[in-house]
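Numbering (our numbering), first residue to last: 1228 to 2343.
Ideal Cβ placement from N, Cα and C applies to all residues, glycine included.
To start, the structure itself, in structure tokens.
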Amino acid sequence: MRRHSGHILFAASDLNGFLGCRHSTFLDLKDLDERLPRAEVSAQDRLIQERGHEHEAEYLESLKQSGLSVVEIPSEGGLSDRVQMTADVMADGPDIIYQAAFLDGQWHGYADFLQRVDRPSELGSFSYEAVDTKLTKHPKPKFVIQLCLYSDFIAKMQGTRPHSMSLVLGDFSQLHLRLDDFAYYHAIVKQRFEEYVAAPPAESQAMPCGFCELCKWRELCGEQWLQDDHLSQVANIKRDQVLKLETAGISTMATLAKVGEKSTVPSMTQETLDKLRAQAKLQLHKRDTGENKVELLDAAPGRGFSKMPKPSDGDLFFDMEGDPLYPDGLEYLFGFYFTESGQPVFKPFWAHDHKEEKRALQEVMDFLVTHLRAHPDAHIYHYNHYEETALKRLASQYATREAEVDDLLRGRKLVDLFKVVREAIRVSEPKYSIKNLEAFYMEKRDAEVATAGDSIVVYEEWRQSQDPQLLQNISDYNEDDCRSTLLLRDWLLTLRAADMPWFDLTAGAPSEEKLQAQQDAEENRVRYEQNLTRGHEGQDYEFRELVAQLLDFHRREAKPQWWAMFDRQERTDEELVDDAECLGGLKADPNQPPYKEKRSMVYTYRFPAQVTKLKKGSQCLRADSLESAGTIVDLSWDQRTVSIKKGPKGGPLPDVLSITPPGPINNSVLKDAVYRFADAIIAGSGKYQALASFLRRGKPEIAGHEADTPIVPDGDNSLPAIFEAVGNLQNSFLFIQGPPGAGKTYTSSHVIVELLRRGKRIGISSNSHKAINNLLDGIEKAAIKEGITFRGQKKCSASNPDSVYLGEMIESVSDNGGMDPESDIIAGTAWLFARDEYHEVLDYLFIDEAGQVSLANLVSMGLSARNIVLVGDQMQLGQPIQGTHPGDSGMSILDYLLEGESTIPADRGIFLGTTWRMHENVCRFISDAVYEGRLHPEAGTRNQALILSESAHPELRPNGIRFIEAKHEGCSQKSEEEGRIIQELIASLLEQRYRDRDGNEHSVAPDNILVVTPYNVQVNYLASILPEGVQVGTVDKFQGQEAEVVIISMVTSGAEDLPRDIEFLYSKNRLNVAISRARTLAMIVANPNLLEIPCQTVEQMRLVNTLCWVKSCSAE
1228 MRRHSGHILF AASDLNGFLG CRHSTFLDLK DLDERLPRAE VSAQDRLIQE
1278 RGHEHEAEYL ESLKQSGLSV VEIPSEGGLS DRVQMTADVM ADGPDIIYQA
1328 AFLDGQWHGY ADFLQRVDRP SELGSFSYEA VDTKLTKHPK PKFVIQLCLY
1378 SDFIAKMQGT RPHSMSLVLG DFSQLHLRLD DFAYYHAIVK QRFEEYVAAP
1428 PAESQAMPCG FCELCKWREL CGEQWLQDDH LSQVANIKRD QVLKLETAGI
1478 STMATLAKVG EKSTVPSMTQ ETLDKLRAQA KLQLHKRDTG ENKVELLDAA
1528 PGRGFSKMPK PSDGDLFFDM EGDPLYPDGL EYLFGFYFTE SGQPVFKPFW
1578 AHDHKEEKRA LQEVMDFLVT HLRAHPDAHI YHYNHYEETA LKRLASQYAT
1628 REAEVDDLLR GRKLVDLFKV VREAIRVSEP KYSIKNLEAF YMEKRDAEVA
1678 TAGDSIVVYE EWRQSQDPQL LQNISDYNED DCRSTLLLRD WLLTLRAADM
1728 PWFDLTAGAP SEEKLQAQQD AEENRVRYEQ NLTRGHEGQD YEFRELVAQL
1778 LDFHRREAKP QWWAMFDRQE RTDEELVDDA ECLGGLKADP NQPPYKEKRS
1828 MVYTYRFPAQ VTKLKKGSQC LRADSLESAG TIVDLSWDQR TVSIKKGPKG
1878 GPLPDVLSIT PPGPINNSVL KDAVYRFADA IIAGSGKYQA LASFLRRGKP
1928 EIAGHEADTP IVPDGDNSLP AIFEAVGNLQ NSFLFIQGPP GAGKTYTSSH
1978 VIVELLRRGK RIGISSNSHK AINNLLDGIE KAAIKEGITF RGQKKCSASN
2028 PDSVYLGEMI ESVSDNGGMD PESDIIAGTA WLFARDEYHE VLDYLFIDEA
2078 GQVSLANLVS MGLSARNIVL VGDQMQLGQP IQGTHPGDSG MSILDYLLEG
2128 ESTIPADRGI FLGTTWRMHE NVCRFISDAV YEGRLHPEAG TRNQALILSE
2178 SAHPELRPNG IRFIEAKHEG CSQKSEEEGR IIQELIASLL EQRYRDRDGN
2228 EHSVAPDNIL VVTPYNVQVN YLASILPEGV QVGTVDKFQG QEAEVVIISM
2278 VTSGAEDLPR DIEFLYSKNR LNVAISRART LAMIVANPNL LEIPCQTVEQ
2328 MRLVNTLCWV KSCSAE
């Protein structure tokens, strides 16, 4: 932001600052009139700037050396002259323009590069797109905002909007970004910025936020907070808590410290107020007296000091250093501090590239295994979760020493002292970092390297100079951190009650037999990997390496579930309430005492408002002991009660508890199948050609089909054309992509009936029994209509009623032994088809909702069939992968096949491009934003419309998409304001009429309306206030359903109120499913703050951009 020719000029950096913190923009404006003191640029920032300039210069030179015509806009001269020169050069049309200058109204900028592309514009048969060089290994949102602004400039100068923009990253790879994926977000942010600077507030108050560490005004704000005695100084206080306290008239730390013990604050629990008051009181004491002070907390059993094991002479103290500037990041130092023969020892493990990082991890784990064998009562202490998280991630990423890492976790050998501190003590420091705690037990540091940021700068300097003294400085810093961890442990021991029992290790060190079994398994996996890949190169090596990586997929995928189980055992009930996998804070219902049912007892509990994935029929564990709690037999959201049936084993359930899901399902049959596939590849048997072709990302092999031409002629999606394509598969695979309303179930069922007519044996599978049963319904209906009879079997589970299918020609069988592999149709999950008796018994295996199936499960069940047909849509609900997996082995089958593309190319699959559901004014957005413009409405959908009376709600329209603004604050998972708006909309809708696709008119009834919302708390609230018959649920409930009108309640007020990550609320796939349920009208009720939410990643920008795109499509 600067003055130029009597005007204020803005740049992309101003937009990014506004997104990060509006107060920073307030200070930017103030700085134009009175120079404000800025924070000094850090050594790390200076280093990054220098490396960035070097990177840009190297790329420029590479362009020149490549033979492209490059024109540089000189840095001398005024802005207007440079802008004119840029326009003149663009008209001449060189390949590359360096340092192009732009000015449009109050906006200006200098693009690193403009790259000529073969898209016509007012300049001629060509146009330009913006390219920026950035040192980092991954794109950042601020870079994309910059490129969007440059693209606006380019569009005005050449008369055509660029299609794409690019980043040249630190490894010189070029990342192409579609402008439409970000432009709507950028436009809204830019509009809000312009509105703000045109009429800035008279006053503005700073609040600590994620932008502070990047902001030049951070020291100024810090001084202001001290001067104002601002509540943000209170350790661990949250933004919403500050707002609640200020609303209650408590605006300073001193005031908070003096709040009476019987005082209350609206919307804040007494426990939270007590914690904040006590923390403020301690900090105020130190400020007034200079004395460090610590208070002991009354921790619950198993918390706080109870987590400390008995000290051992063999204890280790662990800290790591990482370099985020290294491509894909690098953990370059693993440091351990311990005592040997009575003397302190520091043992570092270094890694200066990814190959060495893997080796260092192996050496670290081998050292720990050996050390813990010699000292079985020893533990490894660290502070906060970084070290544990890094070990888990690296072991999975490199597929090495995974069992050893699991043993550390299972044996509770890693002791996080941060958890002890958080639960056991309260201190007079403004933060609870280990550096702050050192005030209680350690002398002040005076080393060359003082912070983690310093270590990154020094390490980068070493990479350039190779000066060994720099590495020594880092080593000294890491040793100090490890020693600090030891001293912290010892200090905590002095505070711990002498008679308190030590942490009871529930799982000892693994036995020699188990260690040998783990070693044998690891050697077997390595042997398979060597046999698969040795002597191969290029694409064949990549295919074989992927097969090797898939061998351990199921074990890696299960590990986070095991880790989460043990982690939840250490959490408080309050924390488990916030965990959607659990049901926390259960208290026995006094009105419904336990009762006996056969040999079991049924216990009923009340629970606080929360979101949970547990449901009726779910098995569950006690969170505190991980013992079986039984089975949920009833779950009432209205009453907030849950009934749990438990057998006699283990005794009765307590009056207060939290429940969690059980561990992963036994997946040995799936793992064995993947190994059988690997055996076939090693042997070169030529079996399983369909699977091998898919994993090689080959194209479908279809008899009579010419390679590289559309699978069906000219996009002909008629059933006869699809019959021929599927019927002529030659030991191959085919993907049929079915967007919303495109009839994928109708198409699949008719194709399967045609194959039955031809005498083929068919398998039907999916991740969910619901999807399988839905397709079986379609098959039976089509078969009856066509006069085809067949014998079918569905494998069900005796304990899961939802898995049972009751059909005319298909029977459900609960026992594997009762299944007949010679049936005409066999249906079941991957666990069925992975069994050895189904080896290549099928002519075709149809996998429905294929976007929810992992690559490894495809291999497991794919051994059963000669041809595989994948049916689904990766742009709708997917199956999240939980584990960390090497290479592409953790991808879903459709994400792997399409490699980031939204639609299947015509020569690689069949795209069902006609929706029979959505009116064109709904379909247009879905098609453009999600399906690359390839989805079109069937002609009859044009008839679909609401017939609105003059008294209809003003937000209603005959058809299309509406974005309805709801202003509210502090809403996270429940919004009464959105409930009020939705009530009014539905009341009006029920007084209207609508016309269907056939032109017939009807009255709008409750079952013509779906209400979708992300959170179960809002689902329950809306269900309680809306008319009976209106369906309310999350998007998961409504996939496959449709209605005349869909209303979507986004609930959350803004960034600070997000109960989960951005990826959940803004999921493009979930928004696609929600909007596309509407035949006629979709309405999104949302706080407009959600349109300008700060994003941490480029992918988050894409997601928020989709909601902004909805806003731009909102019918007026």
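- For the 9 Å CB-CB criterion, Ser2041 and Leu1897 do not form a contact.
- By the neighbour-count criterion, in which 16 or more other beta carbons inside 10 Å mark a residue as buried, Gly2206 falls on the buried side.
- Proximity to Lys1658 across Gln1506, His2112, Tyr1355 peaks at Gln1506, based on C-alpha coordinates.
- Taking a C-beta distance under 9 Å as the contact criterion, Leu1880 and Ala1850 do not qualify as a contact pair.
- Of the residues Glu2204, Pro1571, Phe2265, the one whose Cα lies closest to the Cα of Asp2234 is Phe2265.
- Spatial neighbours of Asn2000 in its own chain (CB-CB distance under 6 Å, excluding positions within 5 residues in sequence) are listed in chain order as Tyr2032.
- Put simply, the backbone Cα of Glu2147 is about 23 Å away from that of Glu2128.
- For the pair Pro2028 and Lys1873, the Cα-to-Cα distance works out to about 19 Å.
- Around the beta-carbon of Gln1342, 16 or more other beta-carbon atoms lie within 10 Å, marking it buried.
- Classified as buried, Trp1444 has 16 or more neighbouring CB atoms from the shown chains inside 10 Å of its CB.
- When DSSP reads this structure, Gln1846 sits in a beta bridge with Thr1858.
- Counting along the chain, Pro1575 sits inside the beta strand (DSSP E) bounded by residues 1570-1577.
- Taken in chain order, the complete alpha helix (DSSP H) segments of 4 or more residues contained in the segment 1985-2064 are 1996-2013, 2057-2060.
- Taking the C-beta atoms as reference points, Glu1548 is found nearer than 9 Å to Ile1701.
- About 7 Å separates the beta carbons of Gln2200 and Val1838, which is inside the 8 Å limit, making them a contact pair.
- With a contact defined as Cβ atoms closer than 8 Å, Leu1458 and Leu1441 miss out at about 23 Å.
- Between Phe2152 and Val1953, the beta carbon gap of about 31 Å keeps them out of contact (Cβ cut-off 8 Å).
- According to the DSSP secondary-structure assignment, Asn2094 is paired through a beta bridge with Tyr2071.
- The C-beta of Lys1534 has 16 or more other C-beta atoms within 10 Å across all chains shown, which makes the residue buried.
- Ranked by Cα distance from Tyr1832, the first of Ser1855, Phe1645, Val1860 is Val1860.
- In the DSSP assignment, Asp1359 forms a beta bridge with Leu1394.
- Going by beta carbons, Gln1373 and Ala1239 fall inside the 9 Å limit.
- Excluding sequence positions up to five before and after Ile2006, its CB lies within less than 6 Å of the CB of Ser1976, Ile1979, all in the same chain and listed in chain order.
- Looking at Val1492, Gln1333, Asp1379, Trp1334, the one whose alpha-carbon comes closest to that of Tyr1355 is Asp1379.
- Under the 10 Å beta carbon count, Asp1515 is surrounded by fewer than 16 other beta carbons and is classified as exposed.
- A check of alpha carbon separations from Pro1554 across Glu1740, His1579, Glu1421 identifies His1579 as the nearest.
- Separation of Ala1426 and Phe1420 (C-alpha to C-alpha, rounded to the nearest whole angstrom) is 10 Å.
- Taking the Cα positions, Ala1626 is about 22 Å away from Asp1546.
- With distances taken between CA atoms, Lys1671 lies nearest to Asp1707 out of Leu1698, Asp1935, Asp1707.
- Scanning its chain for C-beta atoms nearer than 7 Å, with the 5 sequence neighbours on each side dropped, one finds around Glu2211 the residues His2180, in chain order.
- A distance below 6 Å between beta-carbons, with the five flanking residues on each side excluded, links Ser1870 to the following residues of its chain, in chain order: Val1829, Thr1831, Val1860, Asp1861.
- Approximately 18 Å separates the beta-carbon atoms of Glu2165 and Thr2130; this is outside 8 Å, ruling out the contact.
- For Tyr1704, the enclosing alpha helix (DSSP H) stretches over residues 1695-1722.
- Setting aside the 5 residues that flank it on each side, Pro1551 is surrounded in the same chain by Ile1683, each with a C-beta closer than 8 Å to its C-beta; the list follows chain order.
- Between Arg1798 and Leu1813, the alpha-carbon positions lie close to 14 Å from each other.
- The segment 1474-1492 makes no contact with the segment 1304-1314: fewer than 3 CB pairs, one atom from each, lie closer than 8 Å.
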